[in-house]
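These protein sequence lines map, in sequence, to chains A and B. Per our numbering: the first sequence = residues -10 to 258. Per our numbering: the second sequence = residues 250 to 583. Ideal placement from N, C-alpha and C gives every residue a C-beta, glycine not left out. To start, the structure itself, in structure tokens.
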Amino acid sequence: MTALDTPTRTTSAPPATSRPTSQLHNIGLVFGRELRPVVRDPFSVVFGIIQPLFFLGLFTPLLVASSGQSTADTLQWFVPGVIVMLSLFGTSTTGANLQVEMQTGSHERTLVSPLSRSSLMIGRALKEIVPTIVQALVIVGVAVPFGFRPDVAGLVVGLAVLSVFCVGLGALSYALALAVKENQWAFWGVQQTLLFPLMLLAGILLPLTGAPGWLEVASKINPLTYVVDAERALIAGTWDGDAVAGAVAAALTCVVGLVVGAKAMRASS
Amino acid sequence: MIETRGLTKEFRSGKKTVTAVKGLDLQITAGEMVALLGPNGAGKSTTLRMLTTLLAPTSGSARVAGFDVTSGQHAVRRAIGYIGQGNSAGHSQRVIDELVVSGRAYGLSRAEARTRADELLDSLGLGDQATQKVMTLSGGQRRRLDIAMGLIHSPGLLFLDEPSTGLDPQNRANLQEHVVDLRRKHGATVVLTTHYLEEADSLAERIVVIDNGKVVADDSPTALKSRHAGDRIAMTFSGRDHATHAAQRASAAHPAAQVTLDGAAVDVQVAGGAGLVSALITDLTAAGVAPATVEVARPTLDDVFLALTGRSLREGRTELRTDPTNRTTEEVAA
């Protein structure tokens, strides 16, 4: 590659120097940038569904056998949990993408750009909504032929609640990446250590009925428990206190995540 | 364009405080092309990171493009372009997408950003790579994409941090050409850090030598060389006695010169040496000690660095790596 290979064409006069942009514009840009590789290469989203499908296919017969209920009834209880689990896998690991960008240098470049620190965090976190909803719809589509019957309005609201939760969780995952910097094992160590206890305590795989008292207390502190309960209630078409508690837990997670995340982004250099 | 007063950056690692930049005073006017030269760990990258708002100064102040780097962060960011040590474009993104998004972040419309991106890709020989993913590009192509990313909004002030590290000589020449081009066409101010002497020498009109977080010299490459390291006139003689005699005569004739005698060889290091060769040879020939061979070498910036700090820039790199204090600085600053 010599200088001769790169003909220098006379470039036209440069455009007017940078103009101010709104926060909404910035968030949109960051959101679009994050989403683009997923849209162009949807394999990652499809691949993410395979594992939960295994859970659905292998775990449901076990649950049917142990509870003695019908497959349809079991799916009614289990599918909302699988949808939440699926979103957890994707969102909690999203910080790893940022870690790669921190290593290669593109994160640093965005820090020098006029994009505000909060838009860098919010735009990224909002992107989590898209794979969450797509994957949830695939799971629903797979389960319906086996007797799963979601309440449509409930499903829509349930996915909205889940999306809000995922924005918060995604922001926390990014905050973790920013905190441990380029230390990959630290990121995965913390993520794995937290994810599985949270999942089990939320009663995603097995109901916590009849659990010892300390487990029940731990489960009550876990915000994910409320989100899972809300999904089950909403998808069954039950509009009760569970749905409200889940929406509140999701909103709190979202606010805490974005505040912590934006703070971590501001401290990033 | 840039003005710093007592700019200082300290890093804490454990209980130790390492001062990477110590009270830096620097003035750069619009249109200048300045190289910050120094070994790794000298504080030049830390300086650049403070000027580009990536790091907050511990004390002192800096105004960049008319705005304070602390209170006017956002305005500084809008006014500058930055090409860092890493790759500016995300590896999973497509080349054209990254350029357009980056342009729009500076307020260009989608159409403006697209036009500008196409122009840059064309002029950087990346036209065929526009729809490729960044991770599929070669190292040289990625570096050229970095340049395009840094220029997408046609900044009036461009910072480059070790722009040619890891590039082969051809790509290095290519990059230098684009930087020169940017200035010629847009009259941009350019500030770069480097530890390549040749690069500083060939690109910059002004070199700021930084060592241990301080400016140790600040001048044009030519002036630095003639002031801090003269031309070297290397002569050999038919024998030791001739050489000894010649060395004595040279010393007497040019008291300012540094004369070294080594067997039958004599080195005369003196400012403007090239202009003195003729007279020196005539004088020696008249005295009956005509040199057998004569070679005149222009001083390099390495000679300048050696004269200023007592260390060679090249050796300096290995020395600094083994010094735990400086290693900490580098790690923290990295």
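CB contact check: residue i to chain B, cutoff 8 Å
i	result
A:Arg255	no
A:Gly21	yes
A:Glu220	no
A:Thr263	Beyond the ends of chain A as shown, which are -10 and 258, falls residue 263 of chain A; an answer cannot be given.
A:Glu117	no
A:Thr10	yes
A:Pro26	yes
A:Val89	yes
A:Val35	no
A:Arg98	yes
A:Val169	no
A:Ser258	yes
A:Pro31	no
A:Ser162	no
Collapsed DSSP secondary structure at residue i in the structure displayed
i	result
B:Arg481	strand
A:Ile193	coil
B:Arg359	helix
B:Thr442	strand
B:Phe260	strand
A:Lys116	coil
B:Arg353	helix
A:Met110	helix
A:Leu24	helix
B:Met250	coil
A:Lys170	coil
B:Met255	First, the amino acid is wrong: residue 255 of chain B is Gly here, not Met. The answer is strand: DSSP assigns B:Gly255 an E or B state.
A:Gly136	coil
B:Arg327	helix
A:Phe185	helix
B:Ala514	strand
Straight-line Cα distance separating residue j from residue i
i	j	result
A:Ser162	A:Ser108	16 Å
A:Thr166	A:Ala239	The identity of residue 166 of chain A in the sequence shown is Ala, whereas the question assumes Thr. Cα-Cα distance, rounded: 21 Å.
A:Ser33	A:Leu87	16 Å
B:Ala541	B:Arg476	29 Å
B:Leu452	B:Asp430	11 Å
B:Thr393	A:Asn15	Strictly speaking, residue 393 of chain B in this sequence is Arg, with Thr absent from that position. Going from the Cα of B:Arg393 to the Cα of A:Asn15 covers about 26 Å.
B:Arg455	B:Thr438	12 Å
B:Leu441	B:Lys474	20 Å
B:Ala305	B:Val318	8 Å
A:Pro(-4)	B:Asn423	Per-residue confidence for A:Pro(-4) stands at a pLDDT of 39, beneath the threshold of 50, marking its modelled position as unreliable; the derived number appears in the next sentence. Going by the C-alpha atoms only, they are around 11 Å apart.
B:Ala397	B:Ile332	9 Å
A:Val237	A:Thr93	38 Å
A:Glu205	B:Glu347	48 Å
B:Leu256	B:Thr364	39 Å
B:Ala291	B:Ile459	6 Å
B:Gln425	A:Trp177	41 Å
Contact with chain A by residue i, beta-carbon distance below 8 Å
i	result
B:Gly436	no
B:Ser469	no
B:Asp346	yes
B:Asn461	no
B:Met299	no
B:Gln334	yes
B:Thr485	no
B:Ser601	With chain B represented from 250 up to 583, any question about residue 601 of chain B goes unanswered, as that position is not in the structure.
B:Arg312	no
B:Met398	yes
B:Leu304	yes
B:Ala354	yes
C-beta contact flag for residue i and residue j at 8 Å
i	j	result
B:Ala502	B:Val515	no
B:Ala506	B:Ala499	yes
B:Ile251	B:Leu303	no
B:Gln334	B:Glu448	no
B:Asn336	B:Asp395	yes
A:Thr242	A:Leu158	yes
A:Pro120	A:Gly79	yes
B:Arg481	B:Gly522	yes
A:Phe20	A:Leu64	no
B:Gln342	A:Pro26	yes
A:Ile122	A:Ser152	yes
A:Leu195	A:Ile128	no
B:Leu297	B:Phe408	yes
Residue i Cβ short of 7 Å to the ligand SAM heavy atom set
i	result
A:Leu167	The ligand SAM is absent from the structure shown, which contains no ligand whatsoever.
Would the region 284 to 291 of chain B count as touching the region 323 to 343 of chain B if we require 3 or more Cβ pairs under 8 Å? no
Stretch pair the region 212 to 229 of chain A + the region 139 to 153 of chain A: three plus CB contacts closer than 8 Å: yes
Touch check for the region 267 to 283 of chain B and the region 247 to 255 of chain A: three-plus C-beta pairs under 8 Å? no
Does the region 204 to 211 of chain A come close enough to the region 185 to 196 of chain A that 3 or more CB-CB pairs lie under 8 Å? yes
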